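Chemist: Could you have a look at this structure, given as structure tokens, before my questions?
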């Protein structure tokens, strides 16, 4: 009898632990009825654009646009972006064969943390555009399809989610 009571108590305790319900004041399950709230972005975002095709040897210009869709002025570091001369490898450029294009540009040595004049302020709702000829820093001497991805989010604070593709023709 004593064992039966202990076993029943254990089963009751375990079943109570396994099922929990979050009821709101009106008695509905708050986990399943929460309305998804639209969240304002909290970071500066970027987008790259380039022509679909270019000839090998011709300039290959990428248009780099930075957006501040947050509700306040934000700053980003211009290091490792087209908003300064090409002095760092901030793009990963890979051929459709999986070969990474060599970076042949300058590599700047920098002091950390970046000084105040390394930052650009962008007001809420504003955008800023820069263009860069990637042939000034990358070896793209062979025809083929190339995927270009921005890799310096951690340095600049600019989030660029999408990559772009360009075909270099003979």
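Residue numbers (our numbering): 629 to 798. Positions of the beta carbon are idealized from the N, C-alpha and C atoms, including for glycine. Note that the structure is a prediction, hence the values are computed from the model and not measured.
Please work out which residues of its chain come closer than 8 Å, Cβ to Cβ, to residue 746, disregarding the five sequence neighbours upstream and downstream, and give them in chain order.
Modeler: 705, 706 and 707
Chemist: DSSP puts residue 748 in a beta bridge; with which residues?
Modeler: 704
Chemist: Is it true that the region 750-767 meets the region 779-788, where meeting means three or more beta-carbon pairs spaced less than 8 Å apart?
Modeler: no
Chemist: Spatial neighbours of residue 798 within its chain, please: CB distance less than 7 Å, with the 5 preceding and 5 following residues excluded, ordered by chain position.
Modeler: The beta carbon of residue 798 is closer than 7 Å to those of 684 and 771 in its chain, skipping five residues each way along the sequence.
Chemist: Which ranges does the beta strand (DSSP E) cover as unbroken runs of at least 3 residues, wholly within the region 710-748, from first to last along the chain?
Modeler: 719-723
Chemist: Nearest by alpha-carbon distance to residue 702: which of 734, 672 and 725 is it?
Modeler: 672
Chemist: I'd like to confirm the pairing. Which residues does DSSP put opposite residue 674 in its beta bridges?
Modeler: 694
Chemist: Give me the residue from 734, 794 and 711 with the minimum Cα distance to residue 756.
Modeler: 711
Chemist: Would you decide whether residue 744 is buried or exposed? Buried here means 16 or more other CB atoms lie within 10 Å of its CB.
Modeler: exposed
Chemist: How about residue 720 and residue 779: are their beta carbons less than 8 Å apart?
Modeler: Contact: yes.
Chemist: Please go through the same chain and pick out, in chain order, the residues whose beta-carbon is closer than 6 Å to the beta-carbon of residue 781, but skip the five residues on each side of it.
Modeler: 787
Chemist: Using three-state DSSP, classify residue 764 as helix, strand or coil.
Modeler: Under the three-state reduction of DSSP, residue 764 is assigned to helix.
Chemist: Consult DSSP for residue 755 and reduce its assignment to one of helix, strand or coil.
Modeler: strand
Chemist: Quickly, what does DSSP pair residue 681 with across the bridge? List them, please.
Modeler: 795
Chemist: Would a C-beta distance cut-off of 8 Å place residue 677 and residue 776 closer than the cut-off?
Modeler: With contacts defined as CB atoms closer than 8 Å, residue 677 and residue 776 fail to qualify as a contacting pair.
Chemist: How long is the line joining the alpha carbons of residue 728 and residue 773, rounded to whole angstroms?
Modeler: Distance between the alpha carbons of residue 728 and residue 773 is about 12 Å.
Chemist: State the start and end residues of the unbroken beta strand (DSSP E) segment that holds residue 785.
Modeler: Residue 785 -> no beta strand (DSSP E), and no H or E assigned at all.
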